[in-house]
Amino acid sequence: MDFPFNSPYYYSKNFLKQGETVSTHCDELQSLMKRGCTISMIENPRGEQVTLKNKKVTDRSKGPEKLKPEDITQIQPQKLSLTLRSGEPQSFKLTFKRAEDYPIDLYYLMDLSYSMKDDLENVKNLGTSLMLEMQKITSDFRIGFGSFVEKTVMPYISTTPAKLLNPCTGDQNCTSPFSYKNVLKLTSDGKKFNTLVGQQHISGNLDSPEGGFDAIMQVAVCGEQIGWRNVTRLLVFSTDAGFHFAGDGKLGGIVLPNDGKCHLENNVYTMSHYYDYPSIAHLVQKLSDNNIQTIFAVTEEFQPVYQVSSHQSTFSHFNIIIHLFIPTFCHLVTCQFMSEIKSKLPSLSSEVILENSKLPEGVTISYISHCKNGVVSEGENGRKCSNISIGDQVTFSISVTSKGCPKQGKPETIKIKPLGFTEEVEITLNFICDCECQKYSVKNSQDCHFGNGTNECGACRCNEGRVGKQCECSSNDVATEDMDRTCRKDNSTDICSNNGDCVCGTCECKKRDNPEERYSGQYCECDNFNCDRSGNKLCGGHGRCECKVCVCDPMWTGSACDCSLDNSTCMASNKQICNGRGICECGTCKCNDAKFQGPTCETCPTCPGVCAENKECVQCQVFGTGEKKDTCKRHCSYFKLIKVKDRDKLPQPHDSSYPVMHCKERDANDCWFYYTYAVNNNTEKEVHVVETLDCPPSPDIIPIVAGVVAGIVLIGLALLLIWKLLMIIHDRREFAKFEKEKMNAKWDTVSVWNWKCL
């Protein structure tokens, strides 16, 4: 048979290497390409999705146009077909919108035990009032009515003949006790509702809890008798008492669990004496299955009972209960009750929760919700959106993933729908389980040892009773000693190096859990995962492992391909290899001179000038001063700063495994600061700084001022004394001169006298 040139079979005859199994044909895309396969030789099917029905959600305001329920759409799309490949998710968006003017069916279920006598009179006018109010919300509204009392066995009611006819005392005229009656099928005729309700009479029972759960179950499962449509379904349950639930029937000798089926004959529940009350969980399931949302209208006295029950059950999870607690029923059923329902309807089903049907084996589904106000949730919370009112629109991102193929491999169908609604999305799942190349398979091919197998996708699929790569052996001869001998290397005792099986005298190597890891070789003696590692990476991440030996990429060498032959990382700023002070080995400089450090041997922490070079940066980083204080972050982040308390804490050269330079610098205020500079073993620059400045003590101003003043005074006094002394000396000299001149004048007078006498 001839094959197309580009068919997978054409290319894959010689794909398998010695010792590799047929399954090696299937691998990841990158692995196949590394083995020499081109894109045209690789079959790589992809999943896809097709939208089969995509009617847009109804977007309209209430107007004169009236649509049928089946013409209103609240969920989009409606039908999809997904083709799934194992491990590849298929995602789509689901839009949900609460439609405006959507039809509503409301069924009113009332307790007709004697304590409700006063309220029956009020309910008689409820139908018309509800109809008028509901028409303000929706143009398509129907209402129905049902009543319940209790199981008709002891000890719930009195079974004496007289009490079975009239359970009330005195002259009260009451109707015979019953479990549940469907009084009025859902109708749009409010007057008929009033007429039939007006014909009802109160009954009676012995115990306080009522059989309301029996009635709710029948309302939920008897869809045809009740008249439910595929629209919004509301059940209003009103009572002034508690409830019986599963297990309470044993008091009346009833032990069979409730079967959850319809048992109405002539609109009366006929099996109340045969089946027990339903459990809360069973009731929730049936209400959910039938998309019925329940409104509990109870008196204030029993409000906690129904509140706790709803929380302990999964009512709140299914979002099918709206609590409507009325303080008292007297004369409020018509007015307050109706206004409460009206106020609750816009927020009805305020939490939208998506559920899906049972998934096929190996299929998973995940949700991401995009709710109001931009709220996005994932996981289990991705299934729901809260505070959704009529007219609101939300979207969900849904991903479906398959792990492998189902056993049958046939298409499967799943459904997704919002809880409490009838609309759903139907999804058909198709699975990619086979390859296209199987279409070219050749039965009884000559390539499979004279027709002993089918050549499929380039490999032989042997006929029954044949084994081997080309189906060359009979399965009866596989375990012979002669064949095993050819699978032993160097006459060792290990068959196929304990890494494979000997099939037909040829080793077929075992598969590893990791598809990237393989055994190979004639005796499975080789593998591609036991080579040397560097940085926790096989062959340092710069080569491939072949038969336990690394084959390095260009520019890499070493047993683990961890030695780079690229010298660019050793180039210093002066364009010299290792600054001319070392040699480049495996892309890293080894400095010849111990004083020089760093990746390119350019750092010398003990060389002169280091202290002055780093002074400004140390000063601005530690003390916020200096010339670089304004540009400190930009220019001074090249070293690691460590502060110490005092000089004794600074690292010392004899205590360190690398050179340390001690520095002492002075700032503009004549204060000294001390630090060390070093390059550690990790080529990081480290600066240890004493965090306090060493400044000279400031002068004592008072003594200085006092000394100056005292000096000035003393100097003044000294000058004054000197001046006084000089004046005294001067006066004495003048006085002596005066005396001398006086004496001279006296002698001159005597001489003149003497001359006259002569």
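By the UniProt record's numbering, the letter at position 277 of the sequence shown is numbered 277, and the numbering carries on one by one without gaps.
Just so it is clear, CB atoms sit at the ideal spot from N, CA and C, and this is done for glycine as well.
These numbers were taken from a predicted model, which means no experiment stands behind them.
Where residue i falls: helix, strand or coil (DSSP)
i, result
"Cys539", "helix"
"Pro605", "coil"
"Phe639", "coil"
"Pro699", "coil"
"Asp484", "helix"
"Ile216", "helix"
"Leu256", "strand"
"Val467", "strand"
"Arg46", "coil"
"Cys460", "strand"
"Asp59", "coil"
"Val442", "strand"
"Cys671", "coil"
"Phe735", "helix"
"Ala678", "strand"
"Ala572", "coil"
"Ala162", "helix"
"Asn356", "strand"
"Asp240", "coil"
"Ser366", "strand"
Nearest residue (CA-CA) to residue i, options the options
i, options, result
"Val236", "Ile104, Asp59, Phe245", "Ile104"
"residue 768", "Ile642, Arg544, Val679, Cys632", "Absent from the structure is residue 768, since the part of the chain shown begins at 1 and ends at 758."
"Glu88", "Val363, Gln135, Ile280, Glu43", "Val363"
"Gly624", "Ala668, Leu650, Thr270", "Ala668"
"Ser31", "Gly521, Gly198, Glu517, Gln172", "Glu517"
"Gly626", "Cys671, Thr299, Val298, Ala241", "Cys671"
"Thr159", "Thr395, Met271, Ser637, Leu206", "Leu206"
"Ser188", "Met134, Asn463, Ala241", "Met134"
"residue 759", "Ser288, Val644, Cys496, Leu165", "In this structure the chain extends from 1 to 758, so residue 759 is not present and cannot be described."
"Cys570", "Glu28, Pro418, Trp556, Lys590", "Lys590"
"Arg634", "Gly190, Val644, Gln621, Pro360", "Gln621"
"Leu52", "Asp27, Cys37, Gln78", "Gln78"
"Val400", "Ile722, Gly36, Glu48", "Glu48"
"Thr557", "Glu351, Lys575, Ser534, Met33", "Ser534"
"Gln74", "Thr603, Asp101, Val394, Thr58", "Thr58"
"Pro696", "Val375, Arg666, Arg581, Leu359", "Arg666"
"Ser208", "Cys168, Gly247, Glu150", "Glu150"
"Gly190", "Ile254, Asp648, Val255, Leu132", "Leu132"
Sub-8 Å separation of residue i and residue j beta-carbons
i, j, result
"Leu234", "Gln293", "yes"
"Phe213", "Phe243", "yes"
"Thr413", "Ile432", "no"
"Asn430", "Ser441", "no"
"Glu210", "Phe296", "no"
"Ser559", "Asp527", "no"
"Tyr114", "Cys174", "yes"
"Gln90", "Leu82", "yes"
"Leu650", "Tyr674", "yes"
"Lys511", "Ser86", "no"
"Gly382", "Ile365", "no"
"Leu264", "Asn182", "yes"
"Leu94", "Val425", "yes"
"Val153", "His273", "yes"
"Cys457", "Gln438", "yes"
"Asp248", "Met116", "no"
"Asn498", "Cys509", "no"
"Asp566", "Gly587", "yes"
Inter-residue spacing [alpha-carbon to alpha-carbon] between residue i and residue j
i, j, result
"Arg485", "Cys504", "11 Å"
"Asp562", "Cys611", "38 Å"
"Thr334", "Ser129", "Unreliable positioning characterises Thr334 in this predicted model, as indicated by a pLDDT of 46, which lies under 50. The coordinate reading is nonetheless provided below. Their Cα atoms are separated by approximately 7 Å."
"Asn258", "Val221", "12 Å"
"His331", "Lys192", "Reliability fails at His331, whose pLDDT of 40 lies under 50, so the model's placement of it is uncertain and the value that follows must be treated cautiously. Those two C-alpha atoms are separated by around 22 Å."
"Val660", "Lys537", "36 Å"
"Glu43", "Cys448", "23 Å"
"Cys379", "Ile398", "For clarity, residue 379 is Gly in the given sequence; the question names Cys instead. Cα to Cα, Gly379 sits roughly 11 Å from Ile398."
"Cys462", "Met41", "24 Å"
"Gly260", "Ala215", "11 Å"
"Tyr277", "Gln303", "21 Å"
Residue i CB to nearest heavy atom of the ligand NAD below 7 Å
i, result
"Asp513", "What this structure holds is no ligand at all, so the ligand NAD is not there to describe."
#### Entry: Stretch pair the stretch 587-604 + the stretch 615-625: three plus CB contacts closer than 8 Å
no
### Query
Would you call the stretch 104-114 and the stretch 215-229 touching, i.e. three or more CB-CB distances under 8 Å?
yes
### the stretch 683-696 / the stretch 630-647 touching (three or more Cβ pairs under 8 Å)
yes
### Segment contact flag, the stretch 654-662 with the stretch 692-704, C-beta cutoff 8 Å, min 3 pairs
no
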